[in-house]
Structures are given as structure tokens and as C-alpha cells.
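Only one structure is covered here, and it is reproduced in the block below.
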Amino acid sequence: DPKIIQKPKYLVAVTGSEKILICEQYLGHNAMYWYRQSAKKPLEFMFSYSYQKLMDNQTASSRFQPQSSKKNHLDLQITALKPDDSATYFCASSTGNYAEQFFGPGTRLTVL
Amino acid sequence: QQKVQQSPESLTVSEGAMASLNCTFSDGTSNNFRWYRQHSAKGLEVLVSIFSDGEKEEGRFTAHLNRANLHVSLHIREPQPSDSAVYLCAVKSGGSNYKLTFGKGTLLTVTP
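Taken in sequence, the protein lines are chains A and B.
Numbering-wise, the first sequence is residues 461 to 572 according to my numbering.
Numbering-wise, the second sequence is residues 78 to 189 according to my numbering.
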């Protein structure tokens, strides 16, 4: 059974629209993360949460808003979508700051 | 700002030959190093984690860390065609942040 679930697997959106990427983990972890992987770029850290509190934010744009309704959920809301937002978004989780981060299968977002 | 660079960009080895991948980092306070594997834009699989200078072995995968030289490497013993994938080096800087900084990856192809 998958331990980190990301939904949907693929997502196509039009410029200017808003989408929510879903992430749920069933590993009992306290920390959750979002990373982005764009073409030709390294995997890039976006946010980290610990016990549902924001710990690090490396995303310059306020269009990206994480939402944590439960300890094992960290969704990512993206507003006013742009073609440059096209990427695969990975959710990850860990037991804590120094622990191994386990990654979900990703959501591939395409903005037309 | 941590910078992580991997070399070579791509590597082809024959089945059974040793494969060696390199990673350099810029932040001397870094204290947490991981190698991940990614098959065809899928999720990441952690291979080996290392926290102190020296060597750490996990099955056929061995990481070597030399923090004075800002260098960590991965050696794959007896690689198989199923090991063909992108290998990613991830580094955590010192301090309380949760962020992992990734290199661009090395594409490994193992030929039969």
C-alpha cells in the first residue's frame, strides 16, 4: 500500500486558474514538505511543516499556499497559475528535522 | 546559499562494473547527506544516508563523505540494468532548517 498519497497524478490547468494538490501520508510522520521539479532544474525545496506549523518557506510567490488540515495532510494551493508553474510537485515526509525524507509519487502539473 | 553539484551528468557502465558518482557542496556546516534514485520522473527512493566523514554501506551502495573537501560520493557495486536511473545527491545545511538541497542528478545507464 502506498504510504504517501498524492492526488491527482496528472493535472492540466489553464493560465490564471487555481488548483489544489493533495498530499496524505500514512507513515506517522510529524514533518511534511513540498518540492518542485521543473524541466532541466534540480529538485527544489518549497515548504516544510512540522506538527502543522510552517517551518521553512523558500517560495518567493504568495501564489503558493500550503494548507494543513490534519497532521498527516499537507495540500498545496496554487492560484493565478502561469505556464512557468508547470512541473512535477513532490510531497515528502519525515519523523523530524534530521530524519530521512520519504517522497510521494508526485503530481505532474501542466499549465496551458 | 547552499550549492550542490553532481558529476558526471551522465554515465554508462557495463553490468557488473563499479559505478562511481560524485557530489560537491558549498556549505561547510552541512551535516546530513543522502543519495536518492529516481526512475523516469517517478518518486524518489532513498539509497543511503551519511552524517560523518568516512564510509556508509547499504547493500550494493556505498557513500563516502569528506567534509573537509566538501565532497560526497556514491559507489554502486555490481550494477544491473535495473539500476539505470537518475541518481540525486541531497544535502542538508547545518542549523534548524528542514530543507534538503538537491543536485541536478547523474543519469546512470547500465548496459547488459
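Glycine included, each C-beta is placed from N, C-alpha and C at the ideal position.
Check, Outcome
"Of the listed residues A:M492, A:N532, A:M506, nearest to A:S498 (C-alpha basis)", "A:M506"
"Members of the region 111 to 130 of chain B near chain A, C-beta cut-off 9 Å", "R111, Y113, Q115, A118, K119, G120, L121, E122, V123, S126, F128"
"Contact list for A:G488 against chain B, beta-carbon separation under 7 Å", "Near A:G488 there are no residues of chain B at all, since even the closest Cβ is about 17 Å away, more than 7 Å."
"Three-way DSSP call (helix, strand, coil) for B:S159 in this model", "helix"
"Outcome for B:K169 when other beta-carbon atoms lying within 10 angstroms are tallied against a minimum of 16", "buried"
"Nearest candidate by alpha-carbon position, reference B:L124, set B:Q78, B:D160, B:T188, B:G171", "B:D160"
"Pairwise C-alpha distance: A:K467 and B:D104", "35 Å"
"Cβ of B:L165 within 9 Å of any chain A Cβ", "yes"
"Minimum C-alpha distance to A:V474 - residue among A:D545, A:T567, A:S553", "A:D545"
"Any C-beta of chain B under 9 Å from that of A:A540", "no"
"Contact list for the region 502 to 522 of chain A against chain B, Cβ threshold 8 Å", "P502, L503, E504, F505, S508, S510, M515, D516, Q518"
"Cutoff 9 Å: B:K133 Cβ touching any chain A Cβ", "no"
"Nearest residue (CA-CA) to B:Q83, options B:S91, B:N108, B:Y113", "B:Y113"
"Beta strand (DSSP E) segment containing B:H141, residue limits", "138 to 143"
"Cα-Cα separation, B:S117 to B:A162", "7 Å"
"Helix, strand or coil at B:D104 [DSSP, three-state]", "coil"
"Under the three-state DSSP convention, the category A:S544 falls into", "A quick correction: the sequence has Asp, not Ser, at residue 544 of chain A. DSSP places A:D544 in helix when its eight states are reduced to three."
"Against chain A: residues of the region 169 to 184 of chain B by CB proximity under 9 Å", "K169, S173, N174, Y175, K176, L177, T178, F179, G180, K181, G182"
"Start and end residues, beta strand (DSSP E) containing B:T183", "183 to 188"
"Distance between B:S126 and B:N108 (C-alpha atoms, nearest Å)", "11 Å"
"For A:Y558, the nearest candidate out of A:S477, A:C483, A:A491 (CA to CA)", "A:A491"
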